[in-house]
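Numbering (our numbering), first residue to last: -5 to 362.
What follows is the structure, given as structure tokens:
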């Protein structure tokens, strides 16, 4: 029941209760008019008839008051006022007209059918207990006739039966109307629930499709990144190979004959280039059994103290391997840088150009 009320809103509750009140007010007004008309035709009017009319007027007033409360959205108070009017009328009718018990039995069912769509939880439990006691009291009053109870005379038995039948039919119609209203509300809630479930399923499918699409896009992006990384690694490897080739070409080792190597140094020199060149030159001396190494520095535009120290270390390492080193193309500023280091240069051979160095080497071989 709580689930049904959760799907309901205040305007729909008010609209449904207004339709029920229209039936109740119309029925109460008709009964009041009928009782008033009957009193006009009766003379003298019994006191009990006036009491019955007063009870009917009070019941009609309660229904109208419930309508006014409903217009101000006091739904629960309005339902409570309707229930009080119906149960009070049932007790009074059982007290005065016990023969109307068949119609009064439907009154508790009418009260519960009217109240259940608008109250819930503990209130339903309390109302059920209250209605049960009222129903038992109504049956007791109808079965054990009190002194002032009235019954139909033999002449009016048919009319009484007709009124009883109409009352029973009216109350039963109200009960069936409330049950139909409750069924309609239940089906409406079920349809809303199914619609909400379908919307949720469609939203879930849409989310699954989005997740699939995003996953595919991420996988494609990942493959693209992996391809780029692989391509970058390949390019780095090629670049490293090219650097190795460039380093090898930057300090070429040129064999002139079986025992002579020429090393032309071209361009700016740095520590890394000198270290790499020293390793290549010493390896070439060892492999070729070179006895004469010509180091041409004509193409080096600038030699500072660090580069001069590197050249001296290269010359000393080559001499340790048994090669005689001849330095070619030393300019005045280079000579000053080397002398400024304070290194012993007594065994350092120099030549002005490559031709002079080769001639010097040939002359040395001839003397040997």
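Think of the CB as a built atom: it goes at the ideal place given N, C-alpha and C, for glycine as much as any other residue.
Quiz item: Name the DSSP beta bridge partners of residue 355, please?
Solution: DSSP, once it has assigned bridges, lists no residue as partnering residue 355.
Exercise. Tell me whether the beta-carbon of residue 113 lies closer than 8 Å to the beta-carbon of residue 73.
Key: Taking C-beta atoms as the reference points, residue 113 and residue 73 count as a pair closer than 8 Å.
Quiz prompt | Residue-level contact to chain C via CB, residue 53, 8 Å cutoff | solution = No chain C is present in this structure, which holds just one protein chain.
Quiz prompt | Proximity to residue 16 [Cα-Cα], best of 57, 252, 32 | solution = Taking each of 57, 252, 32 in turn and checking the Cα distance to residue 16, the smallest one comes out for 57.
Quiz prompt | Straight-line Cα distance separating residue 344 from residue 230 | solution = For the pair residue 230 and residue 344, the Cα-to-Cα distance works out to about 42 Å.
Self-check item: Nearest-angstrom Cβ-Cβ length linking residue 257 and residue 305, presumed shorter than 8 Å
Solution: Here residue 257 is actually not in contact with residue 305; their C-beta atoms are around 11 Å apart, not less than 8 Å.
Self-check item: Coarse secondary structure for residue 282, derived from DSSP in three states
Solution: Correct three-state label for residue 282: helix.
Quiz item: Of the residues 6, 297, 274, 78, which one's Cα is nearest the Cα of residue 67?
Solution: Taking only the C-alpha atoms, the option nearest residue 67 is 6.
Self-check item: Assumed close pair residue 175, residue 10 - CB separation to whole angstroms, cut-off 8 Å
Solution: With a contact defined as Cβ atoms closer than 8 Å, residue 175 and residue 10 qualify at about 6 Å.
Quiz prompt | Secondary structure of residue 219, DSSP reduced to three states | solution = It is helical.
Self-check item: Through-space distance from residue 282 to residue 353, alpha-carbon basis
Solution: Going by the C-alpha atoms only, they are around 21 Å apart.
Quiz prompt | residue 50, buried or exposed, once every other Cβ within 10 Å from all chains shown has been counted against 16 | solution = By the Cβ-count criterion, residue 50 is buried, with 16 or more other Cβ atoms from all chains shown falling within 10 Å of its own Cβ.
Quiz item: Hey, is residue 344 close to the ligand NAP, as in C-beta under 7 Å from one of its heavy atoms?
Solution: The ligand NAP is not part of this structure, which contains no ligands at all.
Quiz item: Between residue 309 and residue 328, which are expected to be in contact by the criterion C-beta below 8 Å, what is the C-beta distance as a whole number of angstroms?
Solution: So it is not a contact: roughly 13 Å between Cβ atoms.
Quiz prompt | Beta-bridge partners of residue 318, as assigned by DSSP | solution = Answer is 286.
Exercise. Can you tell me which of the three DSSP states residue 89 falls into?
Key: Secondary structure of residue 89 (DSSP, three-state): helix.
Quiz item: Roughly how far, in whole angstroms, is the beta-carbon of residue 259 from the beta-carbon of residue 294, given that I think they are within contact range, below 8 Å?
Solution: Confirmed, about 5 Å.
Exercise. Look at the alpha carbon of residue 86 and the alpha carbon of residue 102, and state the distance between them as a whole number of angstroms.
Key: Just so you know, the alpha carbons of residue 86 and residue 102 end up roughly 14 Å apart.
Quiz item: DSSP three-state call for residue 343: helix, strand or coil?
Solution: Of the three classes helix, strand and coil, the one that applies to residue 343 here is strand, per DSSP.
Exercise. Determine the direct distance from the alpha carbon of residue 111 to that of residue 173, and round the result to whole angstroms.
Key: Rounded to whole angstroms, residue 173 to residue 111 spans 10 Å at the Cα level.
Practice problem: Going by DSSP, name the residue or residues bridged to residue 328. | Solution: Paired residues: none, contrary to the question.
Practice problem: Kindly list the residues whose CB is nearer than 7 Å to the CB of residue 271, restricted to its own chain and excluding five residues on each side of it in sequence; keep chain order. | Solution: Hits under 7 Å: 245.
Quiz item: Since residue 53 contacts residue 83 with CB under 8 Å, what's their CB separation in whole angstroms?
Solution: Yes, residue 53 and residue 83 are in contact; Cβ-Cβ is about 5 Å, under 8 Å.
Quiz item: Run through DSSP, which three-state label would residue 266 get?
Solution: Here residue 266 sits in helix by DSSP.
Self-check item: Beta-carbon gap between residue 292 and residue 323 smaller than 8 Å
Solution: Closer than 8 Å, so yes.
Quiz prompt | Neighbour-count burial assignment, residue 77, 16 or more Cβ in a 10 Å radius | solution = Residue 77 is buried by the Cβ-count criterion.
Exercise. Please report the Cβ distance between residue 90 and residue 46, rounded to the nearest whole angstrom; I am assuming they are in contact, meaning their Cβ atoms lie under 8 Å.
Key: About 7 Å separates the CB atoms of residue 90 and residue 46; that is less than 8 Å, so the two are in contact.
Self-check item: C-alpha distance - residue 248 paired with residue 224, whole-angstrom precision
Solution: Taking the straight line from one Cα to the other gives about 38 Å.
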